[in-house]
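**Q**
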Amino acid sequence: MPALWLHGTDDPIVRYEDSAAGWAEIRPTDHAERTYPGARHEIFNELDKDRTIDDAIAFLHERI
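Here the sequence shown stands for residues 1 to 64, where the numbers follow full-length UniProt numbering.
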């Protein structure tokens with residue numbers, strides 16, 4: 001099953017390093033990873049939210 005991992009590097013709730021380590025353990029073959037430098041926990045509500053939304057839409061379009 002395809003999976004998309006999105007994470008802000010300045011997330012104060014879920015540390016980026018911890019999330020990346022967990023993702024490395026479960027990452028499927030068909031996957032995409034996007035990291036947003038300076039973004040916090042609510043990546044779809046950040047100042048650069050359009051980029052995050054565009055990345056998610058592109059991931060879906062590539063697989064539909």
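Glycine residues also receive a C-beta, built at the ideal position from the N, C-alpha and C atoms. Predicted model, so just to flag it, every value in this text is computed and none were measured.
Quick check on G8: buried or exposed, where buried means 16 or more other Cβ atoms within 10 Å of its Cβ?
**A** Reading the sequence shown from its first residue, position 8 is the one you call residue 8. Buried, by the Cβ-count rule.
**Q** Once the 5 residues before and after I43 are set aside, which same chain residues still bring their CB inside 7 Å of it?
**A** Sequence index remark: in the sequence shown, residue 43 carries index 43 (1-based). Contacts found: L6, G8, Y36, T52.
**Q** Roughly how many whole angstroms lie between the Cα atoms of A20 and H61?
**A** As a first step, residue 20 is located in the sequence shown; it is residue number 20 there, counting from the start. As a first step, residue 61 is located in the sequence shown; it is residue number 61 there, counting from the start. About 24 Å.
**Q** Assign A39 to buried or exposed, taking buried as 16 or more other Cβ atoms, counted over all protein chains shown, within 10 Å of its Cβ.
**A** For the purposes of this step, residue 39 is taken as residue 39 along the sequence shown, with counting starting at 1. Buried.
**Q** Run through DSSP, which three-state label would T52 get?
**A** Looking up residue 52 in the sequence shown gives position 52. Correct three-state label for T52: helix.
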